[in-house]
Amino acid sequence: MSFIIRIATIDDAEAVRRIYNDAVKTSTATLETNERDLAAQRCWLQQHNGEPYPCFVAEDRDGIVVGWASLSPYNPKPGYRGTAENSIYVDVRAQGGGVGEALLQTLLDDSPSRGITTIVALITSDNLASIRLHEKLAFRFVGTLERVGEKFGRLVDVSLYQIHLPPSTDR
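Using full-length UniProt numbering, the letters of the sequence shown correspond one by one to residues 1 to 171.
Put into structure tokens, the structure is as follows:
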């Protein structure tokens with residue numbers, strides 16, 4: 001699959017929302033149970049439009065957004081400012097085509113220049129594709145939170161992964 005990775009803009013809100021809402025409705029990739037409306041998605045994108053928490057999209061050769069990845073604060077306390085949590089969502093039709101790997105690699109490459117040197121991934125333990133992706137890109141498994149979520153009428157474990165990145169020499 002041929003695609004480009006670029007920083008998301010407000011014009012991507014509907015595509016990002018479509019991909020996210022599909023995960024909300026059909027998977028445990030997110031433990032959110034309510035779909036986002038367009039206004040909420042625009043607001044979310046505005047919060048991920050600057051330092052140090054970006055959102056990137058993957059766009060196919062026809063200009064269709066087929067995936068996105070973002071960083072969010074891991075914790076609002078100032079001592080955690082160098083740590084972020086990542087999220088990655090890929091359109092079901094583009095899964096397995098390298099989109100998720102390219103998006104995650106972009107986050108890893110971009111983060112040190114934004115002052116982010118640790119990225120944490122909270123992955124539902126049944127999301128094997130995401131676990132394999134994070135392990136492939138050198139995230140380390142650090143533990144499991146057992147039965148901390150609920151979706152589709154069942155309790156869900158969450159696996160914790162993290163990666164430490166070298167600080168940027170550009171800052």
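Glycine included, each C-beta is placed from N, C-alpha and C at the ideal position. No experiment lies behind these values; they were computed from the predicted model shown.
According to the neighbour-count rule (16 or more other Cβ atoms, all chains shown, within 10 Å of its Cβ), is residue i buried or exposed?
i, result
"V142", "exposed"
"I7", "exposed"
"L38", "exposed"
"D110", "buried"
"V158", "buried"
"A40", "exposed"
"N86", "buried"
"L145", "exposed"
"F139", "buried"
"residue 176", "This structure does not reach residue 176, given that the chain is present from 1 up to 171, and the question cannot be answered."
Going by beta-carbon coordinates alone, are residue i and residue j separated by less than 7 Å?
i, j, result
"C55", "S72", "no"
"A58", "L103", "yes"
"V90", "A15", "no"
"G63", "V99", "no"
"T106", "V156", "no"
"D126", "T28", "yes"
"N21", "E35", "yes"
"S2", "R93", "no"
"I10", "L45", "yes"
"P112", "S168", "yes"
Hey, residue i and residue j are a contact pair by Cβ (cut 8 Å); roughly how many whole angstroms apart?
i, j, result
"A13", "R42", "5 Å"
Quick one: what's residue i bridged to in DSSP?
i, result
"V57", "R6, W68"
"A121", "Y161"
"K73", "Per the sequence presented here, residue 73 reads as Pro, with Lys not at that position. According to DSSP, P73 bridges with A84."
"Y89", "W68"
"K25", "Bridge partners of K25: none, in fact."
"T144", "S159"
"G97", "Its beta-bridge partners do not exist; DSSP assigns none."
"K151", "R154"
"N127", "DSSP, once it has assigned bridges, lists no residue as partnering N127."
At the 7 Å Cβ level, is residue i part of the contact set with chain C, yes or no?
i, result
"H48", "Given the protein chain composition of this structure (a single chain), no chain C is represented."
Checklist entry - Counting Cβ pairs, one atom from each stretch, are 3 or more of them under 8 Å apart for the region 43-51 and the region 75-93? => result no
Item to check | At least three beta-carbon pairs within less than 8 Å, the region 152-167 to the region 115-134 | outcome: yes
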